[in-house]
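Some notes on the structure that comes next.
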Amino acid sequence: MIIIVTLIIILKNIMSRMDNIAATLPHPEKTTQPVPVATDRRINSKELLGNEGRVIIEHDGQHYLLRQTHAGKLILTK
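In terms of this note's numbering, the sequence shown opens at residue 3 and continues consecutively.
What follows is the structure in structure tokens.
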């Protein structure tokens with residue numbers, strides 16, 4: 003019985019410490035959204051994709067295809 007009570011106390015202390023650590027971390031929903039800066043370049047997707055609705059982007063020697071779906075969303079594939 004003493005062992006069980008001791009284990010419960012230890013687990014409560016660990017949980018309390020984890021809660022304290024979690025409270026100091028930034029919320030994921032706040033860090034996932036990029037904040038636009040006045041100096042960020044903006045390119046209209048119609049200019050970028052052209053009449054074809056697709057463009058190949060070269061990055062670090064790799065080629066990526068950026069295309070617009072029928073639903074109007076953008077998909078980037080390698």
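C-beta atoms are modelled at their ideal positions from N, C-alpha and C, and glycine is treated no differently. Just so you know, these numbers come straight off a predicted model, no measurement behind them.
{"Asked": "Residues bridged to T26 (per DSSP)", "Found": "According to DSSP, which records beta bridges pairwise, T26 is partnered with nothing at all."}
{"Asked": "Opening and closing residue of the alpha helix (DSSP H) in which V49 lies", "Found": "The question names Val, but residue 49 in the sequence shown is Glu. Note, E49: alpha helix (DSSP H), 47-51."}
{"Asked": "For T41, three-class secondary structure by DSSP", "Found": "coil"}
{"Asked": "Segment limits, beta strand (DSSP E) that includes E60", "Found": "56-61"}
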